[in-house]
Amino acid sequence: MSSSRSEHALQIRELVIRHHSNRVGASAIARRVCLPRTTVQNMIKKFEMTGSAEVKRRPGPTRKTTALIDRIIVRKAK
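First residue of the sequence shown? That's 0 in numbering that gives the first Met the number 0, and the numbers climb one at a time after it.
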């Protein structure tokens, strides 16, 4: 079985947290939302550590041009 490594939607994460706040166990939540139990446990663990269901923002690629050069390029393209 291959791992897809895609993130779950915020609505699903919030649903898991809502069930958890209603004192439902991780196994029962996993069955209700059709996710692996370990995924649900990781969502709950991350929520308890950060206090948020949102995914942490990660850095993207570094800029190749500065804001000044971007404006110059746009001016010359017109």
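For every residue, glycine included, the Cβ atom is placed at its ideal position computed from N, Cα and C.
Beta-carbon proximity of Pro-35 to Ala-27, cut-off 8 Å: Indexing the sequence shown from 1 puts residue 35 at position 36. Indexing the sequence shown from 1 puts residue 27 at position 28. Not in contact: Pro-35 and Ala-27 (Cβ atoms no closer than 8 Å).
Residue environment, Met-42, which counts as buried when at least 16 other CB atoms sit within 10 Å: Looking up residue 42 in the sequence shown gives position 43. Classification for Met-42: buried.
Cβ neighbours of Ile-72 in the same chain (closer than 8 Å, five flanking residues each side left out): As a working mapping, residue 72 is identified with position 73 in the sequence shown. Close CB contacts of Ile-72 within its chain, under the 8 Å cut and outside five residues either way in sequence, are with Thr-64 (chain order).
Helix, strand or coil at Ala-8 [DSSP, three-state]: Counting from 1 along the sequence shown, the entry for residue 8 is found at position 9. Note: Ala-8 maps to coil in three-state DSSP.
Local Cβ density within 10 Å of Val-54, reported as buried at 16 or more and exposed below that: Walking along the sequence shown from the start, residue 54 turns up at place 55. If you draw a 10 Å sphere on the C-beta of Val-54, you find fewer than 16 other C-beta atoms in it, and that means exposed.
Residue range of the alpha helix (DSSP H) that includes Arg-30: Position 31 of the sequence shown, counting from 1, holds the residue named residue 30. That run of the alpha helix (DSSP H) goes 25-32.
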